[in-house]
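A short write-up of the structure that comes next.
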Amino acid sequence: MIPTLGRPGPLKRALERLAQQVPGGFEVVVASDALDPDPVATAALTGTPEGWRHVQAPVPGASAARNMGWRAASGEIVLFLDDDILGDSELVAVHAGAHAAEPDDRTVVLGHVRWADDLRVTPFMRWLDAGGLQFDYAGLSDGDDAGWGRMYTANLSVKRSLLERVGGFDEVGFPYLYEDLDLARRARDAGGLTVRYRPAASAEHLGATTLEDWLGRVERLALAERAFVTRYPDVTPHFHEIFAGAAAERPARGRGRHLAGLIPRGTPGVGARAWASAEAAYAQTLAPGFLDAWERAGRVGEIPT
-2 MIPTLGRPGP LKRALERLAQ QVPGGFEVVV ASDALDPDPV ATAALTGTPE GWRHVQAPVP
58 GASAARNMGW RAASGEIVLF LDDDILGDSE LVAVHAGAHA AEPDDRTVVL GHVRWADDLR
118 VTPFMRWLDA GGLQFDYAGL SDGDDAGWGR MYTANLSVKR SLLERVGGFD EVGFPYLYED
178 LDLARRARDA GGLTVRYRPA ASAEHLGATT LEDWLGRVER LALAERAFVT RYPDVTPHFH
238 EIFAGAAAER PARGRGRHLA GLIPRGTPGV GARAWASAEA AYAQTLAPGF LDAWERAGRV
298 GEIPT
């Protein structure tokens, strides 16, 4: 099940990879966001193999698209992928095998996502990985329970009965960002949840990103996280802690941002200093936009839309 919004190039590559899965014998449902600028073209991309189809959500947001998709699917196991995820050849088989080994619907299967092999991975992108700002697989081994806070729908399979039991994604409270963690928390609270990490269910991520991209993202991230910790006050606000901590530190000079691309982190002496400087500069650059949105949300009760 793949939600999509106006990204035909990555989606085409994602679907081509799914067509190469070993073995086959699965359906694919692509769900366009309500704001998809060309749903006819999206449908044309989707309808090549028999049984693959396209639907469109009635309201905007990833939550609505995912709900539309999994409800249209016929399978008892739903594998959620983003539209810029290229599955390795045995991705589907590993997910299916993991569910066969643990048939209880309180177990979901978390696959691994890495940067796409043909991308130039920048120091900023490495910082996102190292700091758990995008996907946090640090310290996980095959078979571990990754915890409900790592239930990332970029590469995640869930039994249909669990989705039905908790009512799917919250299209109103969390239309986009934190929608997967809200689902995870509700599932955990409704009877328990195990997020089984299976790194062999691996995939590439085409989503190259920059510091400038994140400057446009952190406001929505702050609004979503503020809404999330308002609903679940026992949860530590992960991003707020990162950016508030960065803002409280002495301003970074930022020279490491230029050096980090030239000097490996493990270079004796200068490597660690250059990378620490770069990472401090990244966090401090993003912190004001995040913290301003966080405070505004607290004053007016704003939630993401």
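Quick note: the sequence shown, position 203, residue 200 per this note's numbering, numbers continuous.
In this text, a Cβ means the ideal position worked out from N, Cα and C, and glycines have one as well.
- F240: member of the alpha helix (DSSP H) spanning 235 to 245, first to last residue.
- Residue nearest to P34 within the set A59, L160, P5, V27 is P5 (criterion: CA-CA distance).
- In this structure, T1 sits near V27, with a CB-CB distance shorter than 8 angstroms.
- With a cutoff of 8 angstroms on beta-carbon distance, R10 and L88 are scored as not near each other.
- A direct Cα-Cα distance of roughly 12 angstroms separates G136 from R147.
- A Cβ-Cβ contact shorter than 8 angstroms links Y194 with L107.
- Between D85 and S158, the gap from beta carbon to beta carbon reaches 8 angstroms or more.
- Of the candidates D186, E13, A275, A95, the residue whose Cα lies closest to the Cα of R228 is D186.
- Classified as buried, A280 has 16 or more neighbouring CB atoms from the shown chains inside 10 Å of its CB.
- Excluding the 5 residues flanking it on each side, V232 has same chain C-beta neighbours closer than 6 angstroms at V226, in chain order.
- Contact between the segment 125 to 143 and the segment 45 to 63 is absent: fewer than 3 CB-CB pairs across the two stretches fall below 8 angstroms.
- Listed in chain order, the beta strand (DSSP E) elements of length 3 or more contained wholly in the segment 157 to 234 are 191 to 202.
- Residue environment analysis places S138 among the exposed positions, since fewer than 16 neighbouring C-beta atoms fall within 10 angstroms of its C-beta.
- For a cut-off of 8 angstroms, the C-beta gap from L12 to V25 is around 7 angstroms, short enough to register as a contact.
- Rounded to the nearest whole angstrom, the C-alpha separation of A184 and G170 is 16 angstroms.
- Within 10 angstroms of the beta-carbon of G213 lie fewer than 16 other beta-carbons, which makes it exposed.
- The three-state secondary structure of T150, taken from DSSP, is coil.
- Pairing A205 with V110, the inter-Cα distance amounts to about 13 angstroms.
- Annotation note: the segment 33 to 107 contains the following uninterrupted beta strand (DSSP E) runs of length 3 or greater, listed N- to C-terminal: 50 to 53, 74 to 78, 82 to 84.
- By alpha-carbon distance to P100, the top candidate from T191, G21, F166, G164 is T191.
- Of the residues A31, G72, R68, the one whose Cα lies closest to the Cα of G22 is G72.
- Exposed is the label assigned to D289, since fewer than 16 other Cβ atoms lie within 10 Å of its Cβ.
- The Cβ atoms of W124 and V118 do not sit closer than 8 angstroms to each other.
- Listed in chain order, the non-local C-beta contacts of E161 below 6 angstroms within the same chain number zero, local neighbours out to five positions each way being set aside.
- Excluding residues up to 5 positions away in sequence, G58, S60 lie with their Cβ nearer than 6 angstroms to the Cβ of P172 in the same chain.
- In this structure L178 does not touch D81 by the C-beta definition: roughly 20 angstroms separates them, more than the 8 angstroms allowed.
- Note on E246: under 16 other CB atoms within 10 angstroms of its CB, so exposed under the neighbour-count rule.
- Here the alpha carbons of I(-1) and L153 stand approximately 11 angstroms from one another.
- Contact annotation: A181 and W145 have beta-carbon atoms nearer than 8 angstroms.
- Separation of the CB atoms of E222 and P234 is rounded to 5 angstroms, and the pair is thereby assigned contact status at 8 angstroms.
- Collapsing the DSSP output to three states places T264 in coil.
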